[in-house]
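Engineer: If you read the sequence shown in this note's numbering, its first letter stands for residue 0, the second for the next number, and so on. Even glycine gets a Cβ: it sits at the ideal position worked out from N, Cα and C. From a predicted model like this one, the values you see are computed outputs, not experimental measurements.
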Amino acid sequence: MFKGLLASLVLFAASAFSAQANEWQLQETYDQAVSVEYLHGEGNLKGVRLGYRPVVTQIDSFEWLGELDVYWEFSLNFWEFGDPVQHETNFAFAISPVFSKEFARIHDKYPVKWEFGIGISLVEDTRFAGKDIGSHYQFEDRLGLIFEFGENLRESIALRYMHYSNGGLNDDNPGMDFANIAYIYHF
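1) Taking DSSP as the reference, what is the three-state secondary structure of Asn-151?
2) Taking only the alpha-carbon atoms, compute the straight-line gap between Tyr-109 and Asn-169 and give it to the nearest angstrom.
3) With a CB to CB cut of under 6 angstroms and the five nearest residues on each side skipped, what residues in its chain are close to Tyr-51?
4) My parser needs the beta strand (DSSP E) runs of 3 or more residues fully inside the region 44-105; what are they?
5) How long is the line joining the alpha carbons of Phe-138 and Glu-87, rounded to whole angstroms?
6) Could you spell out the range, first to last residue, of the beta strand (DSSP E) harbouring Phe-177?
7) May I have the straight-line CA-CA distance separating Phe-146 from Arg-153, to the nearest angstrom?
8) Counting only the same chain and skipping the five closest in sequence on each side, list residues whose C-beta sits under 6 angstroms from that of Gly-42.
9) Which residues in the same chain as Trp-113 place their Cβ atom closer than 8 angstroms to its Cβ, once the five residues preceding and following it in sequence are excluded?
10) Cutting at 7 angstroms between CB atoms, please list the residues of its own chain near Leu-121, excluding the five before and the five after it.
11) Within the same chain, show all residues whose beta-carbon is closer than 8 angstroms to that of Phe-61, passing over the 5 residues directly before and after it, in chain order.
12) When DSSP labels each residue in this structure, what does Leu-168 get in the three-state scheme?
13) Going by other Cβ atoms of all chains shown within 10 Å of its Cβ, with 16 needed for buried, is Gln-31 buried or exposed?
14) Return the residue from the list Gly-40, Trp-71, Ile-156 and Gly-167 that minimises the CA-CA distance to Trp-78.
15) Under DSSP, the beta strand (DSSP E) around Ser-134 begins and ends at which residues?
16) In terms of alpha-carbon separation, which member of Glu-36, Ile-117, Tyr-160 and Tyr-184 lies closest to Trp-71?
17) Helix, strand or coil for Gly-42, going by three-state DSSP, please let me know.
18) Does DSSP put Glu-36 in a helix, a strand or coil?
19) With the cut-off set at 7 angstroms, would you say Gly-133 and Asn-172 are in Cβ contact?
Set out below in C-alpha cells:
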C-alpha cells in the first residue's frame with residue numbers, strides 16, 4: 000500500500016512540477032552537479048551522502064522573489080551507528096526538489112545562498128540507531144547555506160541541517176537529525 004502511495008506521490012509531484020515549469024520562465028544554469036557530504040547525527044550516528052543533480056534551473060517569474068534556483072536531487076545515504084566493534088549500518092535512497100536563492104556575495108564575487116527542500120526517501124532498515132523509525136518511507140527535509148567558489152563558480156561548500164521522519168505515516172516517528180557538510184561540483 001505504501002509503495003503505491005509513494006509512487007503516486009512521486010508521479011504527481013513530477014507532473015505538477017513539469018506542468019508549472021512550462022509556465023515559469025526558466026533559465027538553465029548548469030548542466031549537472033554531483034555532491035559528497037559527511038553527515039553527523041545524534042550520538043555515534045554518522046554517514047556519507049552522495050548526490051546527483053541532473054539539471055539546475057532558475058525561475059525568475061516571481062518579481063518579489065527575484066531569481067530562484069530549482070533542482071531535483073537524487074541521493075544515496077550510507078549511515079553507521081555505534082563503535083567500531085559493535086555497530087549498525089543502514090542506507091537510504093532519496094529524491095528531493097530543492098530551492099535556493101542568493102542573498103549575499105563574498106568580496107562581490109562569491110555567492111552565498113540559502114536552500115530548503117522536502118523530499119521523500121526509502122530507508123533499508125526501520126530499526127536503526129536504537130530507534131524504531133516506523134516506516135521504510137521517510138521525508139527528507141533540509142535547510143542549508145551554500146558558498147560558491149572556484150573557476151566559473153563551479154564548486155560549492157554547503158552546510159546543512161537534514162531531518163528524516165515518516166511524517167506520521169506510522170505511530171513510531173522519532174525522526175533522525177543530521178548536521179552535514181557537503182562539497183558540490185557543477186559540470
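Structural biologist: Straight from the coordinates:
1) helix
2) Tyr-109 and Asn-169 have their C-alpha atoms roughly 43 angstroms apart.
3) Val-33 and Phe-73
4) 44-52, 55-58, 67-81 and 86-105
5) 21 angstroms
6) 175-185
7) 11 angstroms
8) none
9) Ser-99, Lys-100, Phe-102, Leu-142, Gly-143, Leu-144 and Ile-145
10) Ala-91, Phe-92, His-135 and Tyr-136
11) Leu-67
12) coil
13) exposed
14) Gly-40
15) That residue, Ser-134, is in no beta strand (DSSP E); it is neither H nor E in DSSP.
16) Ile-117
17) Note: Gly-42 maps to coil in three-state DSSP.
18) strand
19) yes
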